[in-house]
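Participant: The structure's right below; bear with me while I get my questions together.
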């Protein structure tokens with residue numbers, strides 16, 4: 012006897028599973044500070060959605076694979092591993108273990124807490140729709156990530172402070188992402204214009220060996236060495252005085268750039284003949300921050 016196939020409930024369950032998996036992948040990445048693109052997270056969650064769709068159809072006899080797809084090694088090991096691989100590869104073993112640990116912890120916590128809610132609700136004769144169940148699990152997973160690691164707060168702060176930046180140094184273009192930093196009060200001692208702080212690693216390979224020695228000596232607090240008169244970076248290297256929060260004074264190696272272009276959404280602000288400070292150790296702040304931009308550079312440019 013033929014059986015009619017109605018795809019709506021299968022597609023609904025697969026879509027809800029995709030939302031849940033995508034939320035867990037994003038939260039796990041935020042917890043461990045592993046950056047990835049949105050489409051990679053969507054692809055990883057899509058693996059879970061396709062699995063859910065195939066599993067439902069196989070369970071009801073419309074597709075092959077049941078009961079092998081429903082075994083615990085596939086569900087608890089192979090499927091999550093494949094989602095993490097699609098969402099975050101390449102990564103080293105340590106990063107993978109951290110991502111997997113965060114993913115499983117948040118998933119088990121969300122499903123466990125949601126299961127307790129459903130149990131007590133059933134005991135009182137209440138039931139919930141699949142949509143409510145999925146969004147409850149998503150909310151519990153995000154709540155756990157926020158209470159434990161503040162991921163939602165960090166994401167909101169990063170979204171409000173993130174800015175795309177493009178530098179031009181001679182014929183060398185350099186594009187990166189940075190954050191507005193209200194604590195950055197560095198000024199070029201000659202022009203009195205604000206100074207952007209840049210991750211030294213972004214430009215290190217483009218510098219000459221003598222210029223690298225100059226920057227790295229300054230970063231280590233050593234005397235700045237003299238540069239050869241024919242060094243191509245001689246006219247661009249700068250020294251910016253600073254005072255830290257602990258009221259310690261020092262000199263930050265810097266570089267004169269021809270152009271700095273800041274972009275947020277559809278607005279673009281351009282400044283020319285600016286100085287950037289080069290930070291060797293790494294910038295403090297949100298994960299992936301490669302530059303600290305004084306907010307005045309944006310506000311003055313927008314007003315202008």
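Residue numbers (the numbering used here): 12 to 315.
No residue lacks a Cβ here, since even glycine has one placed at the ideal position from N, Cα and C.
Say whether the region 88-100 touches the region 49-68, bearing in mind that this needs 3 or more beta-carbon pairs closer than 8 Å, one atom from each stretch.
Facilitator: The region 88-100 is in contact with the region 49-68.
Participant: Secondary structure at residue 264, three-state DSSP: helix, strand or coil?
Facilitator: The sequence position of residue 264 within the chain shown is 253, counting from 1. DSSP places residue 264 in strand when its eight states are reduced to three.
Participant: Sort 147, 208, 30, 65 by Cα distance to residue 53 and report the nearest one.
Facilitator: Counting from 1 along the chain shown, the entry for residue 53 is found at position 42. The option with the nearest alpha carbon to residue 53 is 30.
Participant: Give the range of the alpha helix (DSSP H) segment to which residue 47 is assigned.
Facilitator: Position 36 of the chain shown holds residue 47. Premise fails: residue 47 is in no alpha helix (DSSP H) and is neither H nor E.
Participant: Tell me, please, whether the region 147-155 touches the region 112-126 by the rule of three or more beta-carbon pairs shorter than 8 Å.
Facilitator: yes
Participant: From this set, 244, 87, 172, 166, which residue's C-alpha is nearest residue 276's C-alpha?
Facilitator: Within the chain shown, residue 276 is the residue found at index 265, counting from 1. Here the closest residue by C-alpha is 172.
Participant: Can you find the residues in the same chain that come closer than 6 Å, C-beta to C-beta, to residue 17, ignoring five residues on each side of it along the sequence?
Facilitator: Counting from one through the chain shown, the residue named residue 17 turns up at place 6. Excluding sequence neighbours, residue 17 sits near nothing in its chain.
Participant: From the DSSP secondary-structure annotation, give me the bridge partner or partners of residue 186.
Facilitator: Stepping through the chain shown from its first residue, residue 186 is reached at position 175. According to DSSP, which records beta bridges pairwise, residue 186 is partnered with 177.
Participant: Quick one: residues in its chain with C-beta nearer than 8 Å to the C-beta of residue 232, no 5 flanking neighbours on either side, listed in chain order?
Facilitator: Here residue 232 refers to the residue found at position 221 when the chain shown is read from its first residue. Closer than 8 Å at Cβ, skipping near neighbours: 261.
Participant: Within 10 angstroms of the Cβ of residue 64, are there 16 or more other Cβ atoms? Answer buried if so, exposed if not.
Facilitator: In the chain shown, counting from the first residue as 1, residue 64 sits at position 53. Counting the other CB atoms within 10 Å of its CB gives residue 64 a total of 16 or more, which places it among the buried residues.
Participant: Out of curiosity, what's the CA-to-CA distance linking residue 24 and residue 208?
Facilitator: Mapped onto the chain shown, residue 24 falls at position 13. Mapped onto the chain shown, residue 208 falls at position 197. Rounded to the nearest angstrom, the two C-alpha atoms are 48 Å apart.
Participant: In chain order, which continuous runs of the alpha helix (DSSP H) of length 4 or greater are located wholly inside the region 31-90?
Facilitator: 49-70
Participant: Pull up the distance between the alpha-carbon of residue 12 and that of residue 74, whole angstroms please.
Facilitator: To locate residue 12, count along the chain shown from 1; it is residue 1. To locate residue 74, count along the chain shown from 1; it is residue 63. Note that residue 12 scores a pLDDT of 46, beneath 50, so its modelled location is shaky and nothing firm can be said.
Participant: Spatial neighbours of residue 274 within its chain, please: C-beta separation below 6 Å, excluding the five flanking residues on both sides.
Facilitator: Here residue 274 corresponds to residue number 263 of the chain shown, with the count starting at 1. The answer, listed in chain order, is 175.
Participant: Are three or more beta carbon pairs between the region 205-220 and the region 278-289 nearer than 8 Å?
Facilitator: yes
Participant: By how many angstroms is the C-alpha of residue 189 removed from the C-alpha of residue 301?
Facilitator: Position 290 of the chain shown, counting from 1, holds the residue named residue 301. Position 178 of the chain shown, counting from 1, holds the residue named residue 189. In a straight line, the C-alpha of residue 301 is about 5 Å away from that of residue 189.
Participant: Residue 223 lies in the beta strand (DSSP E); which residues open and close that run?
Facilitator: Reading the chain shown from its first residue, position 212 is the one you call residue 223. No beta strand (DSSP E) contains residue 223, which is instead part of the alpha helix (DSSP H) from 220-230.
Participant: Look at the alpha carbon of residue 114 and the alpha carbon of residue 242, and state the distance between them as a whole number of angstroms.
Facilitator: For the purposes of this step, residue 114 is taken as the residue at position 103 of the chain shown. For the purposes of this step, residue 242 is taken as the residue at position 231 of the chain shown. Using only the alpha carbons, I get a separation of about 51 Å.
Participant: Look up residue 98 in the DSSP assignment and say whether it is helix, strand or coil.
Facilitator: By one-based count along the chain shown, residue 98 stands at place 87. Helix.
Participant: Going by other Cβ atoms of all chains shown within 10 Å of its Cβ, with 16 needed for buried, is residue 186 buried or exposed?
Facilitator: Here residue 186 refers to the residue found at position 175 of the chain shown. With fewer than 16 other Cβ atoms within 10 Å, it is exposed.
Participant: Report buried or exposed for residue 62, applying the criterion of at least 16 other Cβ atoms within 10 angstroms of its Cβ.
Facilitator: For the purposes of this step, residue 62 is taken as the residue at position 51 of the chain shown. Residue 62 should be labelled buried.
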